[in-house]
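There are 2 protein chains.
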Amino acid sequence: MGRKRIPIEKIQRSEYRQVTFSKRRSGLFKKASELCILCGAEVAIIVFSPAGKAFSFGHPCVESIVDRFLNQHDMSNHVVSSANASAREQQQQQYSEVVSQLEAEKKRGETIEQLKRSELGGNINNNPQFWWDAPTDGLGLHQLEQIRLTLEDLRMKVARKHQEMVMRSSSPSAFLDDQNVGMIESFVGQNHISTSAQYSGGSNMPIAPHDLCFN
Amino acid sequence: MGRKRIPIEKIQRSEYRQVTFSKRRSGLFKKASELCILCGAEVAIIVFSPAGKAFSFGHPCVESIVDRFLNQHDMSNHVVSSANASAREQQQQQYSEVVSQLEAEKKRGETIEQLKRSELGGNINNNPQFWWDAPTDGLGLHQLEQIRLTLEDLRMKVARKHQEMVMRSSSPSAFLDDQNVGMIESFVGQNHISTSAQYSGGSNMPIAPHDLCFN
DNA sequence: CGATCTATATATAACTG
DNA sequence: TCAGTTATATATAGATC
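Which chain is which? The protein sequence lines are A and B, in order.
Position one of the first sequence corresponds to residue 9 (the numbering used here), numbered consecutively onward.
Position one of the second sequence corresponds to residue 9 (the numbering used here), numbered consecutively onward.
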């Protein structure tokens, strides 16, 4: 917000960094106070400058809010590990939030054309995951039929390509071209990104195209 | 900041207040995260909604900052543990990584939008939404073989489920159980965001009833 | 530095589907 | 209710003093 956009990454020049720190810290506190007043919320903020100096904002006061928070997240004040666990939980929440943002941001760049291409795929906003990983136990006949049709289309597509492949393989130099290699790589890269979101949850891991398997 | 200026005083209508609370809370957290990244600061924020629900933001994590703060102000409340330190650190690393990705993605999105504005709005990034939409021209035989195997497995899986479906439909009461109802809803792709992220990829594909097979 | 001054980038109030 | 859009109010980057 200013004359020019600055990238959100560490400001290298310490003089600018210090100025920005002061300005933004006061901006943050102002926002916090507005949130308190407008919504009747209670907010505590603690900031440590890179130099280690502490600043804080609290409404009604930092300590009461911190106490309340710690009591909620650490029912027994003596079990430290649970405090750590809850800290992790918090982190996880943040992480998930950011992941969602990331996904949303990625979607934003995609064309509506692509949206429409996936007939029903309205689910653009959700985590990319492969539909065949979803349990099929509860599906109705209609849905199964749909899946079937899709698979058949897909099969034909692949078969056709397979055919082309076999033909072409007699002239080896045409086997892979640069463009497609790049495409494949970037696709695998996509999985890599969404993957980091999913692994943390543990159970469902998207599969890279060449690792496909069902068990 | 909006269509109209609102006075900084408690919002009376609870519906508006709730909306404002959500928006401003996320805005506050975003500002905080920018402050951390730009300036290398450490920030913890704790927010209690009027209803008493707790939200928090922390970089690197709420607990460590709160501890550090309390130590400076009240030596008796010293709580230290490194029990889960490494786990937290790991998470933090993930988090930071994703944050960077998010920022990068935002930049990318903006670039894309600019491109769109100036030129052909076509398929800017070549990444197909689903892997089967990716051009297969460049794939090697081995990869095609893998895909084929995958599809075959998938076909069998679907066929098996289809069978189950047909059998089960004769005893209607067993056709759906509570768990599956929810699953189907999200699978069909109503804009319901499923709680368990597991079905989020559900897209509905077109269908046809013959046998899928590969030869 | 720190306060002040713009031009811009962001956040968000109100609106919309 | 809930996400997305738009018009506007704020925050703030860079400049100047």
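Don't be surprised by glycine CBs; every beta carbon is placed ideally from N, CA and C.
Since the model is a prediction, treat every value here as computed from it, not as a measurement.
- Here DSSP, grouped into helix, strand and coil, assigns A/GLY35 to helix.
- Taking a Cβ-Cβ threshold of 8 Å, the residues of chain B close to A/GLY48 are LYS18, ARG25 and PRO58, in chain order.
- Between the C-alpha atoms of B/CYS47 and A/ILE19 there is a straight-line separation of about 6 Å.
- Across the set B/ILE54, B/ALA59, B/SER72 and B/VAL74, the C-alpha of B/ILE54 shows the shortest separation from the C-alpha of B/PHE65.
- With contacts defined as CB atoms closer than 9 Å, B/HIS81 and A/GLU50 fail to qualify as a contacting pair.
- Closer than 9 Å to the CB of B/LYS39 there is at least one CB belonging to chain A.
- Membership of B/ILE54 in any alpha helix (DSSP H) is not indicated; the residue belongs instead to the beta strand (DSSP E) covering 50-56.
- Rounded to whole angstroms, the gap between the alpha carbons of A/LEU78 and B/ILE14 is 34 Å.
- Taken atom to atom, the span from the alpha-carbon of A/CYS69 to that of B/LEU43 is near 22 Å.
- A residue is called buried when at least 16 other Cβ atoms come within 10 angstroms of its Cβ; A/LYS39 meets this threshold and is buried.
- DSSP, reduced to helix, strand and coil, places A/ALA59 outside both helices and strands of the structure shown, so it counts as coil.
- Taking the beta carbon of A/ARG21 as reference, no residue of chain B falls within 7 Å; the closest one sits roughly 12 Å away.
- Bounds of the alpha helix (DSSP H) holding B/GLU71 are 70-81.
- With a cutoff of 9 Å on beta-carbon distance, A/ARG32 and A/PHE63 are scored as not near each other.
- From the beta-carbon of A/GLY35, the residues of chain B found nearer than 9 Å are LYS39 and LEU43.
- Residue-level contact check: B/ARG32 touches chain A, since one or more beta carbons of chain A fall below 9 Å from its beta carbon.
- Residue-level contact by beta carbon holds for A/ARG76 and chain B, with a gap shorter than 9 Å.
- In this structure, B/PHE29 places its C-beta atom within 9 Å of the C-beta atom of B/SER57.
- Our two residues, A/ARG11 and B/LEU162, have alpha carbons roughly 55 Å apart in a direct line.
- Residue pairing for B/SER64: DSSP places it in a beta bridge opposite B/ILE54.
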